[in-house]
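Chemist: Before I ask anything, here is the structure I am working with.
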Amino acid sequence: MNRYICLLIFAFMIAGCNNNDEKVLKDILSSTESSIHPLYIQSSNAYWNGTISGDSEEFAKYSEANIAMSR
Numbered sequence: 064m065n066r067y068i069c070l071l072i073f074a075f076m077i078a079g080c081n082n083n084d085e086k087v088l089k090d091i092l093s094s095t096e097s098s099i100h101p102l103y104i105q106s107s108n109a110y111w112n113g114t115i116s117g118d119s120e121e122f123a124k125y126s127e128a129n130i131a132m133s134r
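What follows is the structure in structure tokens.
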């Protein structure tokens, strides 16, 4: 979640760039989002399932997804 906020702030800071810079920024943001979004969904689902069931395997999935997002 924090990454999305940082990416949005970064996008607003670069808003004054010319068209070529905007295209590069949009490409960077979309590639970052496409790699993080599935991990975020996986992390959220694992946390939810772990919280409801108390299953340590779900918390391990949650931890792995969070580590993968931070890379």
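With the working numbering applied, the sequence shown has no gaps in its numbers, which climb one by one up to 134 at the end. Here a beta-carbon is modelled for each residue, glycine too, at the ideal position from N, C-alpha and C.
Could you check where the alpha helix (DSSP H) with residue 113 kicks off and where it finishes?
Modeler: Where residue 113 is concerned, the enclosing alpha helix (DSSP H) stretches over 82-116.
Chemist: How do the stretch 114-130 and the stretch 79-98 stand: do at least 3 beta-carbon pairs fall below 8 angstroms, yes or no?
Modeler: No, they do not touch.
Chemist: For residue 134, does the three-state DSSP call read helix, strand or coil?
Modeler: Here residue 134 sits in coil by DSSP.
Chemist: Only counting the same chain, and skipping five residues up and downstream in sequence, which positions put a Cβ closer than 7 angstroms to that of residue 129?
Modeler: Cβ neighbours of residue 129 beyond the five flanking positions: 106.
Chemist: Please work out which residues of its chain come closer than 7 angstroms, Cβ to Cβ, to residue 141, disregarding the five sequence neighbours upstream and downstream, and give them in chain order.
Modeler: Past the edges of the chain, shown from 64 to 134, lies residue 141, and the structure says nothing about it.
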